[in-house]
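Encoded as structure tokens, the structure appears first; notes follow it.
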Amino acid sequence: MTATLVKEASPPPPAHPDGARGRRLRRRGRLIALLFVFPALLLLGALVVYPVLFSVGRSFFDASGAEFVGGENYAEMFRDPTTLKAVRNTAIWVVVAPTLLTGLGLILAVLVEKVRWATAFKLLLFMPMAVSFLAAGIIFRLAYDDDPDKGVLNAAVVSVHDAFKGTSSYPAARARDGEGLTEQADGSYVTGADVSPGGTAAVLGLVGVAPKDLPGGAEPAAVAGEAGSDEVRGVVYLDFTPGGGGKPGVVDREESGLPGVTVEAVRGGETVASTTTAVDGSFRFAGLGGGPYALKLPSSNFAAPYDGVSWLGPALVTPAIIGAYLWIWTGFAMVLIGAGLSTLPRDALEAARMDGANEWQIFRRITVPLLAPVLTVVFVTLVINVMKVFDLVYIIAPGPVQEDATVLATQMWLVSFGGGNNQGLGSALGVLLLLLVIPAMVFNVRRFRRSQR
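Per this note's numbering, the sequence shown starts with residue 757, numbered consecutively.
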């Protein structure tokens, strides 16, 4: 029986006759795939690999490219104050911009989930991504303009300032020389001769105010009547007659009073009383004790109007440009974080609410930890992006403060093509920028592969 079974057992199958053919087919498939990929590889090599290798090689030569200088360009980078400032500004960008964007994106993504018009809100915030950096730079260059009549931010700041502190109506006014008013070191004017209650009205003439700049409602100057025994009266007027004529130091019929001027009565260096001129420029102090007094026009009457904040000055130019960058990229961060937020397990959030956790505790202890991978990817992506920022810095920063706002990308361009004409040093800056970006890129790729697995 056993022999029969052995005899009837089938022999082992022969080798597959198509094994060699299968290997040929696989090789052919790889060749076809390579042919399809070759144009992309060629383009990648021409636009990325070759420029990188050429820049690395060029960084070891001098400005002309004829003499090999070794690492001199790399040493020069860290001896040049402007390059060190570019490194410092790049570090500020890397720390501040991605952190603020990730935080804003997270907060907005969480809040948007709770409103009915979430889609419209996301669209509104994402729209700046459709604006080119060139156009955004021009927009913010105008928005940050120092002139309140052009720059919308300074217009808003000036409006708020003037609403609380007011502004002078006569910034260009001054006293006529030799007509009774003496200018002080602080910009105020004081009468040279003292006045006493019950005496002759004081006549204080000013010039330098164009008739068209007079406040609305200003009336012809009127010399005050006779003062009482405890009164000091006077007039502040524009000592200028339209069309010529008139006598300096004398109130003529066609000369206008200056309303709203602050006048102080001073005795012994102390301000005893203060008043404001009427529409015809007249003023009156009542209830004064025995004199004499000096009359003072404080410097606040002639203060230059508040012009707002110098957004593009040396101190604020980098924060101002970062603000423009936030306007563009906040929607990007919000949408990516919002996509991650939509995948969170709702049962964990509901369980926390049932256990009595408030919304802040849920956000801090559940939402943020679960979103940590997404937040990390967004943060690292933005770090890579801000290291390469060029357009906004170059367009928004005016020429005089370009050096104060420069980052590595703009410094590389300025050194190479923007007047420096030193492609050796510019190539070294490009290599430095590449070395700074590579770790962030590697980190992002590894996280992506881990998430895929």
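Just so you know, even glycine gets a beta-carbon here, dropped at the ideal spot from N, CA and C.
Which value, in whole angstroms, describes the spacing of the CA atoms of residue i and residue j?
i, j, result
"Val762", "Arg777", "Low per-residue confidence applies at Val762: pLDDT is 44, beneath 50, and the placement is therefore not dependable enough to give any value."
"Glu975", "Asp905", "29 Å"
"Val793", "Leu787", "10 Å"
"Ser1183", "Ser815", "5 Å"
"Ala911", "Asp1063", "8 Å"
"Thr1123", "Tyr1150", "39 Å"
"Leu798", "Arg784", "21 Å"
"Leu937", "Ser915", "33 Å"
"Val1073", "Arg897", "11 Å"
"Gly1045", "Ser952", "9 Å"
"Ala713", "Leu867", "This structure cannot speak to residue 713, because the chain is shown only from 757 to 1209."
"Pro1004", "Glu935", "8 Å"
"Tyr993", "Ala949", "18 Å"
"Asp902", "Val965", "24 Å"
"Val1142", "Glu828", "27 Å"
"Phe1058", "Trp1067", "25 Å"
"Thr858", "Val852", "10 Å"
State buried or exposed for residue i, treating a residue as buried only when at least 16 other CB atoms are found within 10 Å of its CB.
i, result
"Asp918", "exposed"
"Met1090", "buried"
"Asp995", "buried"
"Met1110", "exposed"
"Met757", "Confidence at Met757 is low in this model, with a pLDDT of 42, below 50, so its placement is unreliable and no value can be given for it."
"Gln1167", "buried"
"Arg989", "buried"
"Ser944", "buried"
"Val1006", "exposed"
"Ser1207", "exposed"
"Lys1052", "buried"
"Met885", "exposed"
"Asn845", "buried"
Enumerate in chain order the residues of its own chain whose CB-to-CB distance from residue i is below 7 Å, with the five nearest sequence positions on each side excluded.
i, result
"Asp1147", "Phe889, Leu890, Gly893"
"Thr760", "Residue confidence for Thr760 is low, a pLDDT of 46 falling below 50, so the modelled location carries little weight; the figure read from the coordinates is stated next. Same-chain partners within the cutoff: there are none."
"Thr923", "Pro1061, Tyr1062"
"Gly1016", "Ser925, Pro971, Thr1032, Thr1033"
"Gly1155", "none"
"Ser1056", "Ser924, Thr1018"
Taking residue i as part of the alpha helix (DSSP H), name the residues at either end of that continuous run.
i, result
"Ser811", "806-814"
"Tyr1081", "1073-1098"
"Asp1127", "Before going further, note that residue 1127 is Leu rather than Asp in the sequence given. It spans 1124-1143 - the alpha helix (DSSP H) in which Leu1127 sits, taken as one unbroken run."
Excluding the five sequence neighbours on either side, which residues of its own chain have a C-beta within less than 6 Å of the C-beta of residue i, listed in chain order?
i, result
"Ser1172", "Gln1179, Gly1182"
"Ala1029", "Ala1021, Phe1041"
"Leu862", "Ile1093"
Span of the beta strand (DSSP E) holding residue i?
i, result
"Tyr945", "945-947"
"Phe1041", "1038-1041"
"Leu960", "958-963"
"Gly859", "That residue, Gly859, is in no beta strand (DSSP E); its alpha helix (DSSP H) goes 837-868."
"Gly990", "988-994"
"Leu937", "937-939"
"Lys1052", "1050-1053"
"Thr1032", "1026-1032"
Take residue i and list the residues in its own chain whose beta-carbon comes closer than 8 Å to its own, dropping the five residues that flank it on each side.
i, result
"Phe882", "Gly1087, Phe1088, Met1090, Val1091"
"Val991", "Ala957, Ala958, Val959, Leu960, Ala977, Ala978, Val979, Ala980, Val1007, Gly1013, Thr1033, Asp1036, Gly1037, Ser1038, Phe1039"
"Val1198", "none"
"Ile1118", "Leu1105, Ala1108, Arg1109"
If residue i and residue j are in contact, beta carbons under 8 Å, what's the gap, nearest whole angstrom?
i, j, result
"Ala842", "Thr1162", "5 Å"
"Val1011", "Thr1027", "It is Glu, not Val, that sits at residue 1011 in the sequence shown. Going by Cβ atoms, the distance from Glu1011 to Thr1027 rounds to 28 Å, so no, they are not a contact pair."
"Gly1186", "Ser811", "5 Å"
"Gly954", "Ala983", "5 Å"
Determine whether the Cβ of residue i lies closer than 8 Å to any Cβ atom of chain B.
i, result
"Gly955", "The chain labelled as chain B is not found in the depicted structure, where only one protein chain is given."
Should residue i be counted as a contact of the ligand MN given a C-beta to heavy atom distance under 7 Å?
i, result
"Val946", "Ligands displayed in this structure: none; no statement on the ligand MN is therefore possible."
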